[in-house]
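A.B. asks:
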Amino acid sequence: MSKPKLFYFSIQGRAEPIRLALAAAGVDFEFEAVDKATIKSDPEHYPFGQSPRYVDDEVDMVQSMGILRHVGRKHGLYGRDHAEMARVEEVIEGCSDLVTKLIMECMLRAKSDPGAREAYWTARIDSASAGGPATFGAHMAFLDRLLARSSSGYFLESGLSVADINVAVVMLFHMEAFSRERLAEQWPSLMALHDRVMALPRIATYLASPMHPAKVISG
Numbered sequence: 342m343s344k345p346k347l348f349y350f351s352i353q354g355r356a357e358p359i360r361l362a363l364a365a366a367g368v369d370f371e372f373e374a375v376d377k378a379t380i381k382s383d384p385e386h387y388p389f390g391q392s393p394r395y396v397d398d399e400v401d402m403v404q405s406m407g408i409l410r411h412v413g414r415k416h417g418l419y420g421r422d423h424a425e426m427a428r429v430e431e432v433i434e435g436c437s438d439l440v441t442k443l444i445m446e447c448m449l450r451a452k453s454d455p456g457a458r459e460a461y462w463t464a465r466i467d468s469a470s471a472g473g474p475a476t477f478g479a480h481m482a483f484l485d486r487l488l489a490r491s492s493s494g495y496f497l498e499s500g501l502s503v504a505d506i507n508v509a510v511v512m513l514f515h516m517e518a519f520s521r522e523r524l525a526e527q528w529p530s531l532m533a534l535h536d537r538v539m540a541l542p543r544i545a546t547y548l549a550s551p552m553h554p555a556k557v558i559s560g
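Quick note on our numbering: the sequence shown kicks off at 342 and runs consecutively.
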């Protein structure tokens, strides 16, 4: 059987949770860098005009969170029963909401608005705003609450899942806008989860390898 293959830009970006999940599962995979022109000119393989794209012995698919779910289910990183699988789904959706806000309200807006980062911090990270009417499901407090329900150190009592990997990457993305120290002071459990995931032996090996892109996000 040929190795799975991941197609994406030469950055960590939205493909990084997939890479980390494959590494955690001990799956050897290939990577091919693509550019926007290739993606836009190939609607058969990139039907949404976006990457990443993932190919294995069962699928040829796009959409980053769909790929992450597939990898998690196939390689034992999706929980031991339906209740745990549902928790994984909750966390993945919560991460997607938060990352969308991070990109739109913080990173893109900060290019023209010097106050955008602090406004994002107040709305999405500061614990004082978690109960406000305008979070629309996107706040670090919500992830922290779900993590606190488990005694394992991960979101699931059974251990590591793609939920943990996804949240670790969400914290990584936020460290592009805010200091590690500031994030750790506000949400120590989420930062500790990030550190725990990144220190897992297989993931640590991947992070030290040439397969790991140096650049976190574009722009």
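Using N, Cα and C, we set each Cβ at its ideal position, and we do this for glycine too.
In the DSSP output, what is residue 500 paired with across the bridge?
C.D. replies: 497
A.B. asks: Just the Cα atoms here: how many angstroms apart are residue 362 and residue 393?
C.D. replies: One C-alpha to the other measures close to 14 Å.
A.B. asks: Closest by CA to residue 506, which one among 444, 543, 403 and 371?
C.D. replies: Considering only alpha carbons, the answer is 543.
A.B. asks: Using DSSP bridges, identify the partner residues of residue 372.
C.D. replies: 347
A.B. asks: Can you have a look at residue 355 and say buried or exposed, based on whether 16 or more other CB atoms are within 10 angstroms of its CB?
C.D. replies: buried
A.B. asks: Express the C-alpha separation of residue 516 and residue 558 in angstroms, rounding to a whole number.
C.D. replies: Roughly 11 Å separates the two Cα atoms.
A.B. asks: In terms of alpha-carbon separation, which member of 389, 411 and 425 lies closest to residue 399?
C.D. replies: Answer by Cα proximity: 411.
A.B. asks: Hey, how far is the Cα of residue 471 from the Cα of residue 482?
C.D. replies: 6 Å
A.B. asks: Report yes if the C-beta distance between residue 502 and residue 439 is below 8 Å; otherwise report no.
C.D. replies: no
A.B. asks: Quick one: give me the first and last residue of the beta strand (DSSP E) that residue 402 is part of.
C.D. replies: 401-403
A.B. asks: Nearest to residue 397 by alpha carbon, out of 429, 422, 359 and 539?
C.D. replies: 359
A.B. asks: Suppose the cutoff is 8 Å on Cβ atoms and the five residues either side in sequence are ignored; what does the same chain contact list for residue 519 look like?
C.D. replies: Cβ neighbours of residue 519 within its own chain (closer than 8 Å, five residues either side excluded): 458, 462 and 466.
A.B. asks: Counting along the chain, where does the alpha helix (DSSP H) carrying residue 394 start and finish?
C.D. replies: Unbroken run through residue 394 is the beta strand (DSSP E), 394-396; no alpha helix (DSSP H).
A.B. asks: Tell me which same chain residues have a C-beta within less than 8 Å of the C-beta of residue 556, skipping the five on either side of it?
C.D. replies: 351, 352 and 353.
A.B. asks: Over what stretch of residues does the alpha helix (DSSP H) that includes residue 586 continue unbroken?
C.D. replies: This structure leaves residue 586 out entirely; the chain is present only between 342 and 560.
A.B. asks: Could you give the DSSP three-state label for residue 554: helix, strand or coil?
C.D. replies: coil
A.B. asks: Report all residues from its chain with a CB closer than 8 Å to the CB of residue 527; omit the five preceding and five following residues, and keep chain order.
C.D. replies: 466, 467, 468 and 481
A.B. asks: Per the contact definition of three or more C-beta pairs closer than 8 Å, is the stretch 425-439 in contact with the stretch 485-494?
C.D. replies: The stretch 485-494 vs the stretch 425-439: in contact.
A.B. asks: Can you tell me whether residue 514 is helix, strand or coil according to DSSP?
C.D. replies: helix
A.B. asks: For residue 435, report the span of its alpha helix (DSSP H) as first-last.
C.D. replies: 423-442
A.B. asks: I need the straight-line Cα distance from residue 370 to residue 376, nearest angstrom please.
C.D. replies: Roughly 20 Å between the two C-alpha positions.
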